[in-house]
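Residue numbers (the working numbering): 255 to 587.
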């Protein structure tokens, strides 16, 4: 009964977010400037990053799911930082990938970037005011964090996302271009991918048999390397895979995220080819990578016992806190 109630509440919240817009809007703003044009991103910050902060050693970028509830994730991140004893030395950043209903509901300026309700998860261009990729938001955040005049002692940046946020973080790990600025400044970069519905594969291999005729999109972006988004430019799939294998990634998987009928689970044939539910899909993907990269894979799977599809439960678990606030990694892209 409790599980059924949770599902009903989630469906209600998701429907409201899609049709009416989110309830709360992040207060911070960040200008995004790219070849496609200019726009402004919404985000929440735990400190004023326009001022110097020598006490900050780590920045954690925490990304919301399909509900676009950045403030909820921001508050969960603060709770996790306090529990880990990391709050004084951590800058927490929660970007918010708005959709058109959000801008309309809150009468926001036309300069604010907004995407389709799901397009941002794959790095697709914004609907307005310029066709900037959601990945360009991460690039701009990382460029800001690389500024040593404001954050002279920053050692590490962690990009973490759950559910839909896990999807965008995993895809950004594949295509993201913003890590070079951090590497040049000697700042490490890690990724935490928690309970996404699907992953981007580098070949047509899948753990479950898929009929390409009945499921022609199974190997297209965001599930595969065909038809990459404009942000990718002329990227080569083989080169992307080699770079991805060297990036430091923790796949944080809830051991109870095993419902094949979860209301937010991607049930399309493209995702079903990856496994029946999120836990299986995550384990299958990691095994796929290990098979293709038996040596040199800079990644790990961490299971979270007793937790299902809950961002708060995942990031506030001992395993989640360790993934977010663990020891700094070596500088890398």
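Ideal Cβ placement from N, Cα and C applies to all residues, glycine included.
Asked: C-alpha gap between residue 332 and residue 302, whole angstroms; Found: 15 Å
Asked: Bounding residues of the alpha helix (DSSP H) (the contiguous stretch that carries residue 567); Found: 565 to 569
Asked: Bounding residues of the beta strand (DSSP E) (the contiguous stretch that carries residue 537); Found: Here residue 537 belongs to no beta strand (DSSP E); instead the alpha helix (DSSP H) covers 532 to 546.
Asked: Counted within 10 angstroms of its Cβ, other Cβ atoms place residue 385 as buried (16 or more) or exposed; Found: buried
Asked: Own chain, CB closer than 7 Å to residue 439, minus 5 neighbours either side, in chain order; Found: 400 and 402
Asked: Residue 501 versus residue 466: straight-line alpha-carbon distance, rounded; Found: 30 Å
Asked: Contacting residues, own chain, Cβ-Cβ under 7 Å from residue 591 (five flanking each side not counted); Found: Past the boundaries of the shown model lies residue 591; the chain is included only from 255 to 587, so the question cannot be answered.
Asked: Burial state of residue 563, where buried means 16 or more other Cβ atoms lie within 10 Å; Found: buried
Asked: Beta-carbon proximity list for residue 424, same chain, < 7 Å, skipping 5 on both sides; Found: 447, 450, 453 and 454
Asked: Contacting residues, own chain, Cβ-Cβ under 8 Å from residue 358 (five flanking each side not counted); Found: 275
Asked: Exposure label - residue 287; buried when at least 16 CB within 10 Å; Found: exposed
Asked: Contact set for residue 389: own chain, Cβ-Cβ below 7 Å, skip 5 residues either direction; Found: 377, 426, 429, 430 and 485
Asked: Closest residue to residue 503 among 567, 470, 575 and 413 (Cα-Cα distance); Found: 413
Asked: Residue 479 to residue 488 span [Cα, whole Å]; Found: 12 Å
Asked: Assigned secondary structure, residue 287 (DSSP; H/G/I helix, E/B strand, else coil); Found: strand
Asked: Segment limits, beta strand (DSSP E) that includes residue 346; Found: 344 to 350
Asked: CA-to-CA distance, residue 532 to residue 456, given in whole angstroms; Found: 19 Å
Asked: Reduced DSSP secondary structure (H/G/I, E/B, other) of residue 616; Found: Absent from the structure is residue 616, since the part of the chain shown begins at 255 and ends at 587.
Asked: Euclidean distance between Cα positions of residue 370 and residue 393; Found: 20 Å
Asked: Own chain, CB closer than 8 Å to residue 544, minus 5 neighbours either side, in chain order; Found: 551
Asked: Close beta carbons around residue 459, own chain, < 8 Å, minus the five adjacent residues each side; Found: 542
Asked: Which residues DSSP lists as bridging residue 557, in chain order; Found: 507
Asked: Residues near residue 469 by beta carbon distance below 6 Å, same chain, minus five either side; Found: 523
Asked: Check whether residue 566 and residue 330 have beta carbons under 7 Å apart; Found: yes
Asked: Straight-line gap, residue 481 to residue 339 (C-alpha atoms, nearest Å); Found: 44 Å
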